[in-house]
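As C-alpha cells, the structure follows; a few thoughts come after it.
Chains as they are written, first to last, in our numbering: chain F, 6 to 133; chain U, 46 to 183.
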C-alpha cells in the first residue's frame, strides 16, 4: 500500500489510508525526503489518523522522518494519533520525543504556518 | 446471555513484515469478538505486533497462535509467539527496558509485558523462544 503524498502549497501531506507494513513505512520515509527537495517544501505533515497500531518500528520510522526532514531544512508534524493508539504507545514506552505532534490536519497546518513565520523572521536562529 | 466462547485457535505463520500486520489484525478481530474494548484491542494488537516483530528480527520465521481462554468465569485472549531461532542468551538482559541487540528501540519484551496481564517467556539457546501472554476481560 503506497501512501499518497499531496502537495499543498509549500507543504507536503502524507495521508496514510490503511495499515502499513515496515516496507511501506520506509518507502514513505524515502519519498518524503526526496519530495521535500523536489518541491522545495517548507513543511511535512504525516497524517496517521487511519492507523490503529503504532508499534516500535512505526515510531522509530516517524522519528527518522522528522530528523531527515529537519536535515533537509523543513519541519515535520505528525497528526491524528488516535486516543487508544496514544495509550498503547505510552504503555509500550514509545514517547516519540523530539517529534512535533498535533491533534489533526488543521492544527498541523497551523503549526507549520507558525514555524515558517518564525523562520522568515529569524532565518538563522542563534540557539538550538 | 453472553455469546458462546469462540473455540477455534488461529495460527498465523510469521516470515515477513506483511505477516506482522496480518497477525495483529487477526488478534484485534478475536479481541473484538471476545468483547474487549477498542482501547484494549489496540493494546492487544500492539503487543502482537511487537511479538511478531521479534520473531522476524531474531528468528526470521515462526508463528503466532491466538485463542480464547476462560478461567473462573473470566474470559480472555491467549497469545503465543514461538520460533526455532537462536534463542535469547540472557533473558534478564532482554527483559530490561532499553536493551536491544538489534539496534531497535529496546521496548520489545518489557513493553509487551506492560501491555498484557500475564507474561511468560521460555527460551533455550539454539532451540528457540516461546513468549506467552494473556489479557483478561475487565
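Yeah, the Cβ is synthetic: ideal placement off N, Cα and C, and Gly gets one too.
Values in this document were obtained by computation on a predicted structure and should not be read as measured data.
In the structure shown, the three-state DSSP call for residue 91/U is helix. Close partners of residue 28/F in chain U (Cβ separation under 7 Å): 62.
Considering only beta carbons, the part of the stretch 7-40 of chain F lying closer than 7 Å to chain U consists of 24, 26, 27 and 28, in chain order. The C-beta of residue 112/F comes no closer than 8 Å to any C-beta of chain U. Counting only residues of its own chain and dropping the five nearest sequence neighbours on each side, residue 55/F has a CB closer than 7 Å to the CB of 21, 22 and 23. Counted as a single uninterrupted DSSP element, the stretch harbouring residue 113/U is not any alpha helix (DSSP H) but the beta strand (DSSP E) occupying residues 107-116.
Per DSSP, residue 83/F lies in no alpha helix (DSSP H) segment; the continuous beta strand (DSSP E) that holds it begins and ends at 80-84. Taken atom to atom, the span from the alpha-carbon of residue 17/F to that of residue 59/U is near 35 Å.
In the displayed model, residue 54/U falls within coil according to three-state DSSP, outside both helix and strand. Taking all protein chains in view, the Cβ of residue 104/U is crowded by 16 or more other Cβ atoms within 10 Å, so the residue is classified as buried.
What residue 90/F touches in chain U, judged by beta-carbon distance under 7 Å, is 87, going in chain order. At least one C-beta of chain U is nearer than 8 Å to the C-beta of residue 96/F.
For the set 132/U, 102/U, 101/U and 97/U, the Cα lying nearest the Cα of residue 111/U is the one of 97/U.
When secondary structure is reduced to three states using DSSP, residue 127/U falls in the strand class. Listed in chain order, the non-local C-beta contacts of residue 88/U below 6 Å within the same chain comprise 160, local neighbours out to five positions each way being set aside. Within the stretch 39-65 of chain F, the residues whose Cβ lies closer than 8 Å to some Cβ of chain U are 57, 58, 59, 60, 61, 62, 64 and 65, listed in chain order. Not one beta carbon of chain F lies nearer than 8 Å to the beta carbon of residue 182/U.
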